[in-house]
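Taking it in order: structure first as structure tokens, then the write-up.
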Amino acid sequence: MKLTDKEKSMLNGYEGDVAAEAMDYLVQFGEAFDAERLVDIVYCHYPAEMGIYEGSVEEIVEYSKRGGAVRVLTTSTTLCADLERPSGTGIPEELARLQAQVEEAHRRMRILETYTCTPQQIGFAPPFGSYIASAESSAIVYFNSVLGARTNRGGLFTRYSAITGKYPLMGYLLDENRAGTHHFKVNIPEERLTTCDAWSALGYHIGGIVGGEVPVIEGVRPQRQDFIISLGAALATSGSVTLYHIPGVTPEARTTEEAFRGGVPKETYEVTPGDLDAVYEKINTIRPGEKIDFVTLGCPHYNLEQMRYVAEKLRGKKIADGVRFWICTNRVTRRQAEHSGYLKAIEDAGALVVADTCPVESHMREATCREYGLKTPNVEAMVTDSTKMARYVRDLIGCRTALADADGCIDAALTGKR
4 MKLTDKEKSM
14 LNGYEGDVAA
24 EAMDYLVQFG
34 EAFDAERLVD
44 IVYCHYPAEM
54 GIYEGSVEEI
64 VEYSKRGGAV
74 RVLTTSTTLC
84 ADLERPSGTG
94 IPEELARLQA
104 QVEEAHRRMR
114 ILETYTCTPQ
124 QIGFAPPFGS
134 YIASAESSAI
144 VYFNSVLGAR
154 TNRGGLFTRY
164 SAITGKYPLM
174 GYLLDENRAG
184 THHFKVNIPE
194 ERLTTCDAWS
204 ALGYHIGGIV
214 GGEVPVIEGV
224 RPQRQDFIIS
234 LGAALATSGS
244 VTLYHIPGVT
254 PEARTTEEAF
264 RGGVPKETYE
274 VTPGDLDAVY
284 EKINTIRPGE
294 KIDFVTLGCP
304 HYNLEQMRYV
314 AEKLRGKKIA
324 DGVRFWICTN
334 RVTRRQAEHS
344 GYLKAIEDAG
354 ALVVADTCPV
364 ESHMREATCR
374 EYGLKTPNVE
384 AMVTDSTKMA
394 RYVRDLIGCR
404 TALADADGCI
414 DAALTGKR
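Sequential numbering from 4 applies to the sequence shown in this note's numbering.
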């Protein structure tokens with residue numbers, strides 16, 4: 004791989020051992036994928052180390068003490084604990100204390116303590132065409148598809164990119180890999196696509212077909228940011244979609260022809276209401292009227308308007324006995340919700356506004372429950388408006404699930420039944 008003089012200097016240790024080690028990893032990574040050179044990146048979304056993974060927190064604490072610091076604007080993704088209010092979630096104190104150690108480590112490294120899966124909702128929106136490195140699948144697909152920034156699925160290498168400000172020129176950073184591969188013609192009435200769960204179901208259906216390739220989705224026009232976030236998160240859950248195009252909506256696809264960059268799709272599919280119905284049927288393993296014990300909203304994290312909506316729906320009401328109701332968001336939005344009175348209305352009803360984490364990433368995972376002597380499964384039956392949440396809690400927590408719109412989730416929390 005061709006390196007500039009500055010990159011060679013970094014690799015040879017003139018800017019410290021940590022930077023040299025990070026550059027070495029990136030060079031090896033790039034050469035493994037035949038990258039011609041490295042490029043400068045402008046932003047990283049960092050894979051925050053979680054206490055539920057053995058050695059993860061201890062490793063970043065030690066790494067931070069070696070003197071490494073990020074060279075580009077770097078935000079951080081979710082943890083296994085609500086660091087500001089850990090006791091409310093039921094996390095074991097020992098695990099919460101362990102997780103809290105990442106804050107000091109991140110401050111030493113100049114990583115911003117955002118701890119969210121949706122940094123784009125709190126002001127971090129890299130420009131069109133810019134090179135970035137990101138963890139968190141729902142953020143990655145948004146950055147690529149909605150903003151037109153360029154990133155691969157960063158994983159651990161995001162750390163090395165943050166330290167060096169570099170990434171190999173390969174994958175979705177290259178023009179030729181950003182063309183659409185499959186054509187989806189959506190034939191669904193607009194009134195069916197007016198809630199996040201419906202957009203999530205649409206993405207789940209398409210992602211399951213296209214896998215890791217690039218769908219071009221024609222016939223839809225999401226009118227709200229939360230709809231398009233739900234779509235992308237689901238595409239990246241049932242498949243491993245990193246980039247998609249919606250002609251007339253996403254920046255690299257003003258037309259269908261532009262989305263395919265003059266090429267021909269491998270396959271063309273029609274998407275019908277029956278395809279959405281099949282997603283609900285697959286996810287809904289809780290029967291109508293059956294008792295539930297957990298409701299989750301905020302996967303990906305809820306924005307302030309969504310928090311306002313939940314607050315208005317819950318004002319003066321009470322969550323059913325035996326039901327935990329989490330609304331997951333970032334700490335910035337929770338502070339604003341507190342200022343606006345939404346937090347009080349929600350929590351007076353018996354629900355909990357959770358920041359920094361969500362059930363999927365929490366102590367409620369089966370393996371963690373066994374390690375800390377907690378009830379397994381920690382949740383029996385969960386209602387959510389997110390196919391991503393439903394998929395992963397079934398796999399990681401071991402509970403039954405139901406998919407509903409926000410109103411249906413709130414009703415389930417108030418009645419204790421699906």
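Note that the Cβ used here is the ideal one computed from N, Cα and C, for glycine as well.
The distance from the Cβ of glycine 235 to that of tyrosine 145 is about 5 Å, consistent with a contact at the 8 Å cut-off. Taken through DSSP and simplified to helix, strand or coil, tyrosine 28 comes out as helix. Three or more beta-carbon pairs separated by less than 8 Å link the stretch 296–316 to the stretch 333–351, which places the two stretches in contact. CA-CA distance, glutamate 315 to isoleucine 349, rounds to 8 Å.
Just measuring C-alpha positions, the residue of Pro276, Gly277, Val213, Thr275 sitting nearest histidine 248 is Val213. Taking the Cβ atoms as the reference, threonine 92 lies roughly 6 Å from aspartate 85, within the contact range of under 8 Å. Here the C-alpha atom of threonine 299 lies approximately 16 Å from the C-alpha atom of alanine 204. Within the stretch 280–347, the complete beta strand (DSSP E) segments of 3 residues or longer fall at 297–300, 327–332, listed in chain order. Per the Cβ contact rule, the stretch 403–410 is not in contact with the stretch 222–242 (fewer than 3 Cβ pairs under 8 Å). Inter-segment contact for the stretch 261–272 and the stretch 179–192 is present: three or more beta-carbon pairs are separated by less than 8 Å. Closest in C-alpha terms to serine 59, from the list Ala108, Asp27, Tyr17, comes Ala108. Inter-residue distance for isoleucine 125 and threonine 7 is about 35 Å (C-alpha atoms, whole angstroms).
The Cβ atoms of alanine 384 and isoleucine 322 do not sit closer than 7 Å to each other.
In the same chain as glycine 215, and ignoring 5 residues on each side of it, the C-beta atoms closer than 8 Å to its own belong to Gly242, Ser243, Val244, Thr245, in chain order. Comparing C-alpha distances from isoleucine 114 to each of Gly71, Arg156, Pro130, Cys83 shows the shortest one belongs to Gly71. In terms of Cβ geometry, serine 79 and tyrosine 118 form a close pair [threshold 7 Å]. Exclusion of the five residues before and after arginine 195 leaves Ala201, Pro276, Leu279 as the residues of its chain whose Cβ lies within less than 8 Å of its Cβ. Counting of Cβ neighbours within 10 angstroms places leucine 317 among the buried residues, the total reaching 16 or more. Every beta strand (DSSP E) stretch that sits fully inside the stretch 172–239 and reaches 3 residues is listed by chain position as 185–189, 218–221.
Looking only at Ile209, Thr271, His48, Gly344, the smallest Cα-Cα distance to valine 282 is reached by Ile209. Here serine 137 carries a strand assignment [DSSP, helix/strand/coil].
A check of alpha carbon separations from methionine 392 across Arg421, Phe297, Asn306 identifies Phe297 as the nearest. Here the stretch 149–159 makes no contact with the stretch 11–26; the two share fewer than three CB pairs at distances below 8 Å. In the DSSP assignment, tyrosine 17 falls outside any beta strand (DSSP E), carrying neither H nor E.
Looking from the CA of threonine 332, the closest CA among Tyr49, Leu101, Gln123 belongs to Gln123. The residues Asp408, in chain order, have a CB closer than 6 Å to that of threonine 198 in the same chain once the five nearest residues on each side in sequence are set aside. Counting the other Cβ atoms within 10 Å of the Cβ of asparagine 190 gives fewer than 16, which makes it exposed. DSSP lists no beta-bridge partner residue for tyrosine 56. When Asp388, Arg368, Val335 are compared, the shortest CA-CA separation from isoleucine 55 is found for Arg368. Only exposed fits glycine 344, as fewer than 16 other CB atoms lie within 10 angstroms of its CB.
Listed in chain order, the non-local C-beta contacts of valine 217 below 6 Å within the same chain comprise Gly183, Thr184, Leu246, local neighbours out to five positions each way being set aside. Within the stretch 337–399, the complete beta strand (DSSP E) segments at least 3 residues long are 355–358, 384–387, listed from N- to C-terminus. Rounded to the nearest whole angstrom, the C-alpha separation of tyrosine 66 and arginine 100 is 19 Å.
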